[in-house]
Amino acid sequence: MSLLKVRELAVQYGAVAALQGVSLDVSSGEVVALIGPNGAGKTSLLSAVAGVVRPRAGTIGFDGQDLVGMPIQKIVRAGIALVPENRDIFTKLTVIENLLIGASTRNDWDGIAQDIERIGELFPALPRLFPRPAGLLSGGEQQMLAIGRALMSRPRLLMLDEPSLGLAPVVTDAVFAGIRTLRAQGMAILLVEQNAVRALSVCDRAHLLSAGIVHFTGTPDEIAHAGDIDAAYFGVPSDVAAQGSA
Amino acid sequence: MDLLVQFIIDAVSVGGLYALTAIGIGLIFGVVGLVNFAYGDFVMIGAYTILLTIGFYWPVTILIAAIVLIMVALAADFVAFRPVRLASPETLMIVSFALSYTIQYSYVMMFGSLARTVNFLPAMSTNLEILGIRIAGVSILQIVATIVLTGALAAFIRFTRIGYQMRAVSENPTMARLVGVDINKVIAAAFIASALLAVTVSVLFVAQTGTMTPFLGLNLTIIGFVATVIGGMGSLVGCALGGFLVGFLTTLLQLALPADLQPFREAFVFGAVVLMLLLRPGGLIMLATARERI
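This is the structure we're talking about:
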């Protein structure tokens, strides 16, 4: 049963069509990756689902509710959390305040305290940084904090936009280790990544998006074996992609 | 020596009044991105409410004025500012001008434009003698009110849930909404806080001058605005600092300028602002976010 159901979604910025009729599903407990080159419309899709951008056409269903036109705060309450591309952590708030603000839709303080503890276990680098202003964190720490902040709303669908962007490989490993743990815990994730190898290594299914259209859909194996596509869009030799999915 | 102490007390008490005004303007600017030029008119409404309810025991008068101003501020947000929430800062500013004139001329239509005397807290205008220095009671009230209110506001912003939500909205409103912050609630809280600052300014202003006109808000808004520009838009510490600086400058010029030049005192104050903008366009305390925008 699909949790998120996007049908024929079109997003337009002035004269520029960012998405031209994209359909995709994310089921409970499933990790779906959205890969493709810069400007493919990946971020536009997440923005439309999160309610930041209003689509020109198409429907977005989440657990039976229609999300199009719904205020952002209600979408968060419905169970969708976005970790944006540039992380957008609140630099002037402390790390713990960033986590607390992620729970703005909740009032169950015991549950909030438990979730903060759980996020500390997910990203062991975070707890000792709690009292620090978040602006002083490194890129990797900020990414972990942004994911932690998103988890604080107890989402049923987590949307991650380019979690590896600008991070050193070792740091990206730590972030993806967290994503794998979330996947094992049954969190539904919609993952946008330019780094296809990384994305294919954690997802159940992937959609290849280019110029606002889905060009290919399949499991990581299927995508890895459609070598031409990898070469055309990422310049990644197919054997590397296959390695990533192993 | 006495003269110096006298000067410092004057400067601090005038500066405190300006600082409270500047913080009220700066707080709304920080959270909503709105330079509220109707802020001084809120103070005017507060002053008139005090005039109307002066017969009551004074805390009741202040309480009524506070309630009226909170309702005025919330109504202003709801009617005037919420419909243009996502508009550019320039549009917001023009809306606030419109609101300001609406308030002023509604008052003139209803009550006329004559200045009225308000004999509020007459005990405050008597002078106290402390260690041989004569201090106006209202000066002490101004200094105490400034310290208590800025302290309370700082603690509120630093330690409460609405407080960190305010800071988050101020830094990145879209992201704040994306983590589920009820942005209208946070903005309403900011308007309530600014109304409480405004009512304090009303009380101090009326107690000090003993008069009010429908146009008293304009001068106050401009001074408060200038103080926020000097201090750094969006930084509350900067606003307070800017307010004290303008107060200090005004008091100094009053003392130092020859009598012929006294009528042009404001020209010197605003001249200092121009100089400030040339030398340090971001204000004394420049915010990291403001710096990125330049």
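Going down the list, the protein sequences come from chains A and B. Numbering-wise, my numbering comes out as the position in the first sequence, counting from 1, plus 32. Numbering-wise, my numbering comes out as the position in the second sequence, counting from 1, plus 29. Where a beta carbon is used, it is the ideal one built from N, C-alpha and C, also for glycine. None of these values were measured; they are calculated from a predicted model.
Inset, instruction - Specify, as a first and last residue, the run of the beta strand (DSSP E) that A/K124 falls within. - result: A/K124 -> no beta strand (DSSP E), and no H or E assigned at all.
Legend entry - Where the alpha helix (DSSP H) containing B/D70 begins and where it ends: Y68 to L81
Inset, instruction - Take every Cβ of the region 100-115 of chain B, pair it with every Cβ of the region 156-171 of chain B, and state whether three or more of those distances are shorter than 8 angstroms. - result: no
Legend entry - Minimum C-alpha distance to A/V63 - residue among A/A243, A/H257, A/I211 and A/A258: A/I211
Legend entry - Proximity test, B/A256 beta-carbon vs the ligand MG heavy atom, cut-off 7 angstroms: The ligand MG is absent from the structure shown, which contains no ligands of any kind.
Legend entry - Cβ-based burial, B/I37 [other Cβ within 10 Å; buried from 16]: exposed
Legend entry - Option nearest B/G260 by Cα separation, candidates B/M100, B/S199 and B/L306: B/L306
Legend entry - Nearest residue (CA-CA) to B/I146, options B/A285, B/P112 and B/L81: Before going further, note that residue 146 of chain B is Thr rather than Ile in the sequence given. Considering only alpha carbons, the answer is B/L81.
Legend entry - Simplified DSSP state of B/F85, which is helix, strand or coil: coil
Legend entry - Every unbroken beta strand (DSSP E) inside the region 79-142 of chain B [3 residues or more]: none
Legend entry - A/M102, enclosing beta strand (DSSP E) - first and last residue: Unbroken run through A/M102: none, as it is neither H nor E.
Inset, instruction - Select from A/R39, A/D57, A/K106 and A/L66 the residue whose C-alpha is nearest the C-alpha of A/V84. - result: A/K106
Inset, instruction - Check whether the Cβ atoms of B/M73 and B/L245 sit closer than 8 angstroms, and answer yes or no. - result: yes
Inset, instruction - Select from B/N65, B/Q194, B/S264 and B/I212 the residue whose C-alpha is nearest the C-alpha of B/P118. - result: B/N65
Inset, instruction - Verify the CB distance criterion: does A/P116 have a CB-CB separation below 8 angstroms to chain B? - result: yes
Inset, instruction - Take A/E40 and list the residues in its own chain whose beta-carbon comes closer than 8 angstroms to its own, dropping the five residues that flank it on each side. - result: G53, V54, S55, A89, G90 and T91
Inset, instruction - Anything in chain B within Cβ reach of A/E129, meaning under 7 angstroms, just list it in chain order. - result: Y193
Inset, instruction - Name, please, each residue of chain A whose Cβ falls closer than 7 angstroms to the Cβ of B/Y210. - result: One detail in the question is off: residue 210 of chain B reads as Val in this sequence, not Tyr. Those are I133 and S136, listed as they occur along chain A.
Inset, instruction - Helix, strand or coil for A/L169, going by three-state DSSP, please let me know. - result: coil
Legend entry - Contacts around B/R320, its chain only, beta-carbon distance under 6 angstroms, and the 5 residues preceding and following it disregarded: Note that B/R320 scores a pLDDT of 40, beneath 50, so its modelled location is shaky; the value from the coordinates is reported in the next line. Within the same chain, B/R320 has no close Cβ partners at all.
Inset, instruction - List the endpoints of the continuous beta strand (DSSP E) containing A/Q52. - result: V48 to S59
Legend entry - Residues in the region 174-207 of chain B having any Cβ partner in chain A nearer than 7 angstroms: Y193, Q194, R196, A197, E200, N201, T203, M204, R206 and L207
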